[in-house]
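*Asks:* Using the working numbering, the final residue of the sequence shown is 1087, and nothing's skipped along the way. Supplied in structure tokens, the structure appears directly below.
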Amino acid sequence: MQQINLYRPEFRPSREPLRSVHMLWGLVALIFLLSIYSGFTHQGNARLQQQLANEQALLESQQLTLQKLSLQQTQNQPAQLDAEIERLQQEIERRKQILALITDQDFGNTKGFSAHIQAMARQSLETLALESFSLKSGGNYVELAGKTRKPDQVPLYLQRLRAEDSFSKTRFGVLNVERDEQDTYMLQFQVAKPASKENK
């Protein structure tokens, strides 16, 4: 009966670090997707700002018209002018409500996220592979997820990102590191909001 030594080097689980070429292609794909998302976000913010400017201009115009009508009011046409003044006042109130709704919108980062993406590329580590990340609230909050073989590399990566100007005011989620179920030599990490107690 032939015996096979499973402890020979060729049969041992691979402990090679993540290949640089794989991480490079993953980062390139991630940058491409985020560039597209950043473009759409920038266009949306530009439309909101243009709408805000238009509403402000209309509001100012109607307020001037109301002032003129109030000065022109005479005893000969009080009912007609009163009706017009009341209509303008209602229109002005409606415009103010629209302005309030638009102003409450989170314009976020009107310059897009190109600076964040470039910073992540500059600070990338060969020992760490990002699988996904999310920039929220206009880049003021970030969540990350990925894999590494060295758990100490994740805090190092976050520290390097915080040193970048684009991340200086960014808040990071809570770091969680777990053993990969499919590869015991690999660690999965996540930087995200902690699960609420209700979901536990």
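Just so you know, even glycine gets a beta-carbon here, dropped at the ideal spot from N, CA and C. Small disclaimer: the values here were computed from a predicted structure and weren't measured.
Touching or not, the region 1030 to 1042 and the region 1001 to 1021, by the rule of three or more beta carbon pairs under 8 angstroms?
*Replies:* Short answer: they touch.
*Asks:* Hey, could you find the ends of the beta strand (DSSP E) tyrosine 1044 is sitting in?
*Replies:* To locate residue 1044, count along the sequence shown from 1; it is residue 157. Element bounds for tyrosine 1044: not the beta strand (DSSP E) but the alpha helix (DSSP H), 1040 to 1049.
*Asks:* Find the nearest neighbour of leucine 1022 within the set Ser1011, Ser1001 and Thr1035, judged by alpha-carbon distance.
*Replies:* Within the sequence shown, numbered from 1, the residue matching residue 1022 stands at position 135. It is Ser1001 whose Cα lies nearest to the Cα of leucine 1022.
*Asks:* In whole angstroms, what is the alpha-carbon distance linking serine 1011 and arginine 1058?
*Replies:* Position 124 of the sequence shown, counted from the first residue, corresponds to residue 1011. Position 171 of the sequence shown, counted from the first residue, corresponds to residue 1058. Those two C-alpha atoms are separated by around 19 angstroms.
*Asks:* Quick test of your reading: leucine 1062 and threonine 1035, contact by CB under 8 angstroms. State the CB separation rounded to the nearest angstrom.
*Replies:* The residue given as residue 1062 occupies position 175 in the sequence shown. The residue given as residue 1035 occupies position 148 in the sequence shown. Contact flag wrong, Cβ pair sits at about 12 angstroms.
*Asks:* Is it buried or exposed for alanine 944, if we count other Cβ within 10 angstroms and need 16 for buried?
*Replies:* Position 57 of the sequence shown, counting from 1, holds the residue named residue 944. Exposed, by the Cβ-count rule.
*Asks:* Could you check if alanine 1008 belongs to the surroundings of the ligand ZN, using beta carbon to heavy atom distance under 7 angstroms?
*Replies:* The ligand ZN is not among the ligands present in this structure, which contains no ligands whatsoever.
*Asks:* Using the Cβ count rule (16 or more neighbours within 10 Å means buried), how would you classify tyrosine 1044?
*Replies:* Within the sequence shown, the letter at position 157 stands for residue 1044. Its Cβ being crowded by 16 or more others within 10 Å, tyrosine 1044 is buried.
*Asks:* Taking only the alpha-carbon atoms, compute the straight-line gap between proline 1038 and alanine 940 and give it to the nearest angstrom.
*Replies:* Translated into the one-based positions of the sequence shown, residue 1038 becomes position 151. Translated into the one-based positions of the sequence shown, residue 940 becomes position 53. Their backbone Cα atoms lie some 49 angstroms apart in a straight line.
*Asks:* Work out the CA separation of glutamine 1005 and isoleucine 918 for me, nearest whole Å.
*Replies:* In the sequence shown, counting from the first residue as 1, residue 918 sits at position 31. In the sequence shown, counting from the first residue as 1, residue 1005 sits at position 118. Taking the straight line joining both Cα atoms gives about 8 angstroms.
*Asks:* For glutamine 950 versus isoleucine 972, is the C-beta distance shorter than 8 angstroms?
*Replies:* For the purposes of this step, residue 950 is taken as the residue at position 63 of the sequence shown. For the purposes of this step, residue 972 is taken as the residue at position 85 of the sequence shown. No. Outside cutoff.
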